Amino acid sequence: MAAPDGAPAVALRDLGRAYGERVALSGVTLELPRGATLAVFGANGAGKTTLLRVLATLLRPHHGSARVLGRELPREGWAVRGRIGLLGHEPLLYRDLTAAENLRFHARLHDVAPGRAAELLDAVGMTRRADEPVRALSRGMAQRVAICRALLHEPELLLLDEPLANLDPGAAGAVEPLLGRASGATRVLISHDVEQGLGEADLVLGLRGGRPALLAPVGEVSEGDVRGLYR
Amino acid sequence: MRRAVSALVRKDLRVELRTGEAVPSMLLFSVSTFVLFHFALDARSVEGDLAAGVLWVTLLFAAVLGISRLFVAEREQGGFDGFLLAPVDRTSLFVAKAAVLFAFLVAVELIAVPAFAILLLQPSAVQALPELIAVLLLADAGIAVVGTLIGALGIQTRARELIVPILALPLMIPLAIAASRATSPLLLEAGAGALPGSWLLVLGLYDLVFGLLAFAVFDYLLEE
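Going down the list, the protein sequences come from chains A and B. Using our numbering, the first residue of the first sequence is number 1, and each one after it goes up by one. Using our numbering, the first residue of the second sequence is number 1001, and each one after it goes up by one.
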């Protein structure tokens, strides 16, 4: 199942995606080596979330090609599901189930031992609230549970859309070893925090109106270059 | 597939037990409708074709309520995405949802059918219980299969509450005919007649054809 040796974790060639007549993403070409981090910047509506959903196999590319973990999307999407962890705007948790029940449900879908759920809840400091329905949790707590959900199956590729949103500094510190470089996973990170995003990145992609306006190794990108994307 | 189906069914049943969003409304609708028929028909009891028609039309409309709710959590709480990211056969979602809808229908009928008998039938018309249960289960299987397909289709649209009955009820006309014809001789005041095997066969074929159709197209319904 693993990508062939040396194959990039993500390889995009002229990738495009539209919603009806509106082009949300176009002309994205890049290669991301395994274990590296791609930081994606851009104003609202720039196509960042669309890119993430294509990589997660949730949206079909309409143009160009996308290879993820050595597999062609969407044809071989089945082969990479379960190797990707997605943390998006929505926590993908059932509000009427408890945090622990949600994680046990996803653990069963991913054929992961239920003990892993308890281990992750402990790591993000949610053990005490594990038996409360998600609807009773604050946004930050739900985000911590969502992080557990995304990491349950120890994914090789992490797709993170503002992963620290709603987290207080203590919680952000607690999830850092799980989501940060130490996780060892290849990461695609969407962030509006320029400093934090650049600090995490190996490669930087800036999108404007769905098109790449900036693509360079992090060493060649300044904060000003990134801030320019939001003007 | 078994692991995923089991996880999905357990999740749905747990959510329903906790929220009571589907079964209580289906049950309340059924019993209320039988009460309305009890007064509106101006008869002490009904039998045969009329009784079967009242029973099945009521149960089908109640089923539509359940179908409309079937995928709501998946759509509104990101369950579709969570499921689609898992390395499981997508058909398992269809099997699980159909099983859950079937369970909801059985749960409703456990109370609604006795209520129907009390409100609209003479005691002598309730003699063929095993045969009636067989018809109910075969028809429930058909409703579950078609309802799951329509529910998955309807949830993709904004006008879910409108689309589901518009699509489901015409598709269920063959089922309504077969179920009513099969039930009619079982609800005679003069005593139950024989269960018409040909209509049971029609119900079985309906279940089979729509089951196969659902297996063939459900994957596409989950596409964006």
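A virtual CB, placed ideally from N, CA and C, is assigned to each residue, including glycine. It should be emphasised that the depicted structure is a prediction, and the values quoted were computed from it without experimental measurement.
Does any residue of chain E bring its CB to less than 7 Å from the CB of residue i?
{"i": "A:G180", "result": "Absence of chain E from the displayed structure is noted, the protein chains being A and B."}
Looking at the unbroken beta strand (DSSP E) that takes in residue i, where does it start and where does it end?
{"i": "A:S26", "result": "R22 to L32"}
{"i": "A:F41", "result": "T37 to F41"}
{"i": "A:V257", "result": "Only positions 1 to 231 of chain A appear in the structure, and residue 257 of chain A is not among them; the question remains open."}
{"i": "A:D161", "result": "L157 to D161"}
{"i": "A:V188", "result": "T186 to I190"}
{"i": "A:L109", "result": "Unbroken run through A:L109 is the alpha helix (DSSP H), A99 to L109; no beta strand (DSSP E)."}
Could you check if residue i is buried or exposed, using at least 16 other CB atoms within 10 Å of its CB as the buried criterion?
{"i": "A:P212", "result": "buried"}
{"i": "B:L1036", "result": "exposed"}
{"i": "B:V1015", "result": "buried"}
{"i": "B:V1005", "result": "buried"}
{"i": "B:V1209", "result": "exposed"}
{"i": "B:V1217", "result": "exposed"}
{"i": "A:G206", "result": "buried"}
{"i": "A:E21", "result": "exposed"}
{"i": "B:S968", "result": "Past the edges of chain B, shown from 1001 to 1224, lies residue 968 of chain B, and the structure says nothing about it."}
{"i": "B:Q1127", "result": "exposed"}
{"i": "A:M1", "result": "Here A:M1 scores only 43 on pLDDT, less than 50, and its place in the model should not be relied on; the value that follows carries that caveat. So A:M1 ends up on the exposed side."}
{"i": "B:T1148", "result": "buried"}
{"i": "B:T1157", "result": "exposed"}
{"i": "B:L1017", "result": "exposed"}
{"i": "B:I1150", "result": "buried"}
{"i": "A:A3", "result": "The predicted position of A:A3 is uncertain, since its pLDDT is 49 and thus under 50; no value can be drawn from it."}
{"i": "B:I1133", "result": "exposed"}
{"i": "B:T1019", "result": "exposed"}
{"i": "A:R108", "result": "buried"}
{"i": "B:L1084", "result": "buried"}
{"i": "A:S26", "result": "buried"}
{"i": "B:L1041", "result": "exposed"}
{"i": "A:Y19", "result": "exposed"}
With H, G and I counted as helix, E and B as strand and the rest as coil, what does DSSP make of residue i?
{"i": "A:R211", "result": "strand"}
{"i": "A:L198", "result": "helix"}
{"i": "A:R71", "result": "strand"}
{"i": "A:H62", "result": "coil"}
{"i": "A:A2", "result": "Caution is warranted here: a pLDDT of 47 is assigned to A:A2, below 50, making its placement in the model unreliable, and the coordinate value is therefore given only provisionally. The answer is coil: DSSP assigns A:A2 none of H, G, I, E or B."}
{"i": "A:T240", "result": "Residue 240 of chain A lies beyond the stretch modelled for chain A, which goes from 1 to 231, so this question has no answer here."}
{"i": "A:D122", "result": "helix"}
{"i": "B:G1053", "result": "helix"}
{"i": "B:G1020", "result": "coil"}
{"i": "A:A172", "result": "helix"}
{"i": "A:A216", "result": "strand"}
{"i": "B:T1058", "result": "helix"}
{"i": "A:T50", "result": "helix"}
{"i": "A:P91", "result": "coil"}
{"i": "B:P1165", "result": "helix"}
{"i": "A:L205", "result": "strand"}
{"i": "B:P1229", "result": "Because residue 1229 of chain B is not part of the residues shown, which for chain B are 1001 to 1224, the question remains open."}
{"i": "A:G180", "result": "coil"}
{"i": "A:G85", "result": "strand"}
{"i": "A:P114", "result": "coil"}
Need the endpoints of the alpha helix (DSSP H) that residue i sits in, please.
{"i": "B:A1107", "result": "T1091 to L1120"}
{"i": "A:G228", "result": "Segment: none, A:G228 is in no alpha helix (DSSP H) and carries neither H nor E."}
{"i": "B:R1181", "result": "I1173 to T1183"}
{"i": "B:I1150", "result": "L1129 to G1154"}
{"i": "B:L1213", "result": "G1197 to L1221"}
{"i": "B:L1084", "result": "G1079 to L1084"}
{"i": "A:G45", "result": "No alpha helix (DSSP H) holds A:G45; DSSP gives it neither H nor E."}
{"i": "A:M141", "result": "R139 to L151"}
{"i": "A:L77", "result": "Reading the sequence as shown, one finds Gly at residue 77 of chain A and not Leu. Unbroken alpha helix (DSSP H) run through A:G77: G77 to V80."}
{"i": "B:V1046", "result": "First-last for B:V1046: undefined, no H or E at that position."}
{"i": "B:E1074", "result": "V1072 to E1076"}
Could you round the C-beta distance between residue i and residue j to whole angstroms and report it? I think they count as a contact, below 8 Å.
{"i": "A:P74", "j": "A:T57", "result": "6 Å"}
{"i": "A:T37", "j": "A:L189", "result": "6 Å"}
{"i": "B:A1086", "j": "A:H89", "result": "Contact doesn't hold; Cβ gap of about 19 Å is too wide."}
{"i": "A:L92", "j": "B:K1011", "result": "That belief does not hold up - the Cβ atoms of A:L92 and B:K1011 are roughly 13 Å apart, past 8 Å."}
{"i": "A:L87", "j": "A:L160", "result": "5 Å"}
{"i": "B:V1202", "j": "B:A1178", "result": "4 Å"}
{"i": "B:G1082", "j": "A:H63", "result": "Going by Cβ atoms, the distance from B:G1082 to A:H63 rounds to 28 Å, so no, they are not a contact pair."}
{"i": "A:D193", "j": "A:P217", "result": "Between A:P217 and A:D193 the Cβ distance is about 20 Å, and since that is not below 8 Å, they are no contact."}
{"i": "A:L178", "j": "A:A123", "result": "6 Å"}
{"i": "B:A1152", "j": "B:L1008", "result": "B:A1152 to B:L1008, Cβ: 13 Å. No contact."}
To be precise: take each residue of the region 135-156 of chain A, compare its Cβ to all Cβ atoms of chain B, and keep it if any distance is under 7 Å. Which residues remain?
Correct list: empty, as no residue qualifies.
Taking beta-carbon pairs under 8 Å, can you tell me which members of the region 1058-1092 of chain B lie near chain A?
Residues passing the 8 Å Cβ filter: A1073, Q1077, G1078, G1079, D1081, G1082, F1083, L1084, L1085, A1086, P1087 and V1088.
What are the residues in the region 1009-1026 of chain B lying within 7 Å of chain A by C-beta distance?
Here the close residues are K1011, R1014, V1015, R1018 and T1019.
Closer than 7 Å between beta carbons: that is the criterion. Which residues of the region 66-86 of chain A meet it against chain B?
Only those residues of the region 66-86 of chain A whose C-beta falls short of 7 Å from the nearest C-beta of chain B are listed: R81, G82, I84 and L86.
Under 8 Å, CB to CB, which of the residues in the region 34-55 of chain A have a partner in chain B?
Near chain B, meaning a CB-to-CB distance below 8 Å, no residue of the region 34-55 of chain A qualifies.
Going along the region 100-126 of chain A in order, which residues come within less than 8 Å of chain B, judged by CB to CB distance?
Residues passing the 8 Å Cβ filter: E101, F105, H106, R108, L109, H110 and D111.
When Cβ atoms are compared, which residues of the region 175-204 of chain A fall closer than 7 Å to chain B?
Residues of the region 175-204 of chain A that bring their beta carbon within less than 7 Å of a beta carbon in chain B are absent altogether.
Could you list the residues in the region 1155-1176 of chain B with a C-beta less than 9 Å from some C-beta on chain A, going in chain order?
Residues passing the 9 Å Cβ filter: none.
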